[in-house]
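Peer 1: At position 184 of the sequence shown the residue is numbered 166 (the numbering used here), and the sequence of numbers has no breaks. The beta carbon of each residue, even a glycine, is placed where N, CA and C say it ideally should be.
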Amino acid sequence: MKHVILSAVSVLAIGLGAAQAEDYPTKEIQGIIQWGAGGSTDTVMRSVTPHAEEALGGTIVMQNMTGAVGAIALNHVASSDPDGYTLLMGAENPLLYKVMGLGDKDYNDFVPVSILARGTPLVVANVDAPFDDYAEMVAYVKANPGEVRFGATGPGGLPSVITAMINTVEGELNVIAVPYDGDGPALTALQGGAVDVMPAVLGIAIEGIRAGTMKPLAVFDVAETDKLPGVPPVTAFNPAFETYLPWGPFFGVFAPKGTPDEVVAKLSDAYAQGVANPEFVELMENRGFELMGISGQEATDFLTKWQQGTTWLLQDGGHTKASPEEFGIARPGE
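#1: Which two residues bound the contiguous beta strand (DSSP E) that contains LEU38?
#2: Can you give the Cα-Cα distance for ALA19 and VAL26, rounded to whole angstroms?
#3: Which complete alpha helix (DSSP H) runs does the segment 31 to 105 hold, if anything under 4 residues is left out?
#4: In whole angstroms, what separates the C-alpha of ASN46 from that of GLN16?
#5: Assign ALA396 to one of two classes, buried (16 or more other C-beta atoms within 10 Å of its C-beta) or exposed (fewer than that).
#6: Taking ALA304 and LYS80 to be in contact with their CB atoms under 8 Å, please state how far apart those CB atoms are, rounded to whole angstroms.
#7: In whole angstroms, give me the CA-to-CA distance for ASP63 and ALA55.
#8: With a CB to CB cut of under 7 Å and the five nearest residues on each side skipped, what residues in its chain are close to TYR116?
#9: Determine the burial state of THR8: buried for a count of at least 16 other Cβ atoms within 10 Å of its Cβ, exposed for fewer.
#10: Just the C-alpha distance for GLY194 and ASP110, rounded to the nearest angstrom, thanks.
#11: How would you label ALA125, buried or exposed, when you count the other beta carbons within 10 angstroms and need 16 or more for buried?
#12: Buried or exposed, going by whether 16 or more other CB atoms sit within 10 Å of the CB of LYS209?
#13: How close, in whole Å, do the beta carbons of LEU295 and VAL179 come, if the pair is a contact with beta carbons under 8 Å?
#14: Count the C-beta pairs between the segment 181 to 196 and the segment 258 to 276 that are closer than 8 Å, then say yes if the count reaches three, no if not.
#15: Please list, in chain order, all residues of the same chain as VAL245 whose beta carbon is under 6 Å from its beta carbon, the five residues on each side excluded.
#16: Note the first and the last residue of the continuous alpha helix (DSSP H) segment covering VAL123.
#17: Helix, strand or coil for ILE311 per DSSP?
#18: Could you say if the segment 222 to 235 and the segment 144 to 160 meet the contact criterion of at least three C-beta pairs nearer than 8 Å?
#19: Mapping DSSP to helix, strand and coil, what is VAL213?
#20: By how many angstroms is the C-alpha of ALA107 removed from the C-alpha of GLY310?
#21: Distance, Cα to Cα, PRO214 vs PRO141?
#22: Note down, in chain order, each residue of its chain lying with its Cβ closer than 7 Å to the Cβ of LYS284, except the 5 sequence neighbours on either side.
#23: Hey, LEU84 and ALA50 are a contact pair by Cβ (cut 8 Å); roughly how many whole angstroms apart?
#24: Tell me whether the beta-carbon of PRO231 lies closer than 8 Å to the beta-carbon of GLY138.
#25: So LYS248 is in the alpha helix (DSSP H); what residue range does that whole segment cover?
#26: In three-state DSSP terms, what is ASP234?
#27: Is it the case that the CB of VAL81 approaches a heavy atom of the ligand NAP more closely than 7 Å?
#28: What is the DSSP secondary structure of GLY13, counted as helix, strand or coil?
#29: With DSSP as the reference, label GLU316 as helix, strand or coil.
#30: Taking only three categories from DSSP, how would you classify PRO167?
#31: Straight-line CA distance for ALA159 to TYR122?
#32: Taking Cβ positions only, does GLU118 come closer than 8 Å to chain D?
#33: ALA37: which of GLY133, VAL235, VAL257 and SER61 sits nearest, CA to CA?
#34: Is the separation between the beta-carbon of GLY291 and that of PRO314 shorter than 8 Å?
#35: Assign SER250 to one of two classes, buried (16 or more other C-beta atoms within 10 Å of its C-beta) or exposed (fewer than that).
#36: Helix, strand or coil for ARG269, going by three-state DSSP, please let me know.
See below:
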C-alpha cells in the first residue's frame, strides 16, 4: 500500500508540474543582464526581449547586475529557483571563468534558452602594410621576424584568442604585441600606423573598412560574409582553422539547470520568434553580427566547441591560471 501511495503522489507531482509549465508564465520573469546599461549585451537583450515577450504572452523585467566580470549576475541566477522566472542574459565570458580563475560556475550550470547571435572576427591591417591578404601577412611575418606589430587588449580578449589561434595553426609567429585598453583605441592606433595588424570583431571594424582607413585580410569564419563581399574566410587560406571555427563573441539567454523542459521550450520558441523579428534582424545586420537563434542540443554543442577551442588556445598561449584539463574540458579533436 505504501508503494501505491508513493506512486500516486509522484504521478500527482508530475501532473502538477506539467500543468504549471502549460500555464507558464503566470507572473513576471526577471531577466538579469550580465553587464551594465548601454553595453552591447544590454542593447541586444533590450532589443530582442520585447519581441520575445509578445510571443510568450508574458512580461520580462530587465535588470542590470554588474560586477566581477559578470560572475555576480551568473551566480545570482544559478542559485535561483529553476522555475523559469529568473533568466540570465549573458555573453561568452562565463565559459572562461574557470580557467581564468574568475569563478567556479559557467554555462554548464545552465540550460541554453537561445544563443541569439555572434560576432564575426576578422584580421585587419593598416592600409600601408606590405601585405594585402592573410597568406601574404603570414609569409611576411615569417620572412621578417619581430617586425610586425599586432594590437592586443589583454588575456581573454578577442585579439588574444585570434592571435593564439593563428599561432596554433601556423606555428608560432614572431610578432610584437602592442597592448591597448580596448578594441577602439587599438583600431585608432592601427589607422594611425602605430600597429600594423589588429584582430577585431566585424561590427567594430566595418566602418573603417568601408571608409578605406584599414584593409581586411581575412574573415575568421568558415564562409564569406555578405557584409564584406570578396574578403575570403581564413579557412580558404588554411583549412586547419575549421577545428576552432565558427567562433566569436556571442549573446545568449540562459535558465538555471533543472528548469522544466516544457518551460525551456516555451522560452526558446519565444526567443526564436524574437530573433526573427525584422527590427532585431536590422539591428544585428547594422552591427555586423551573425544571427543564430539556436537552442537545445545545437546550442549545447556550440557552447562546448567554443569553450574547448578558446580555453585550450589561451592555455597554450600562457594566458590561463588553470588548465582546462582540471575542469574536464577536452582539447579540440580529442
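Peer 2: Reading it off the structure:
#1: First-last for LEU38: 22 to 38, but that is the alpha helix (DSSP H), not the beta strand (DSSP E).
#2: 11 Å
#3: 53 to 60 and 79 to 82
#4: 6 Å
#5: Outside the displayed span of the chain (-17 to 316) sits residue 396, for which this structure offers no information.
#6: 7 Å
#7: 14 Å
#8: VAL105, LEU199, ALA200, VAL216 and PHE219
#9: exposed
#10: 11 Å
#11: exposed
#12: buried
#13: The pair is not a contact, with the Cβ atoms about 18 Å apart (cut-off 8 Å).
#14: yes
#15: ALA3, TYR6 and GLY66
#16: 116 to 125
#17: coil
#18: yes
#19: coil
#20: 37 Å
#21: 19 Å
#22: Before going on, a small fix: residue 284 reads as Phe here, not Lys. Result list for PHE284: ILE97 and ILE276, in chain order.
#23: 7 Å
#24: no
#25: 243 to 258
#26: Going by the sequence as given, residue 234 is Gly instead of Asp. DSSP places GLY234 in strand when its eight states are reduced to three.
#27: In the structure shown, the ligand NAP is absent, as is every other ligand, since no ligand is present at all.
#28: strand
#29: coil
#30: helix
#31: 16 Å
#32: Among the chains of the structure shown, chain D does not appear; only one protein chain is present.
#33: VAL257
#34: yes
#35: buried
#36: coil
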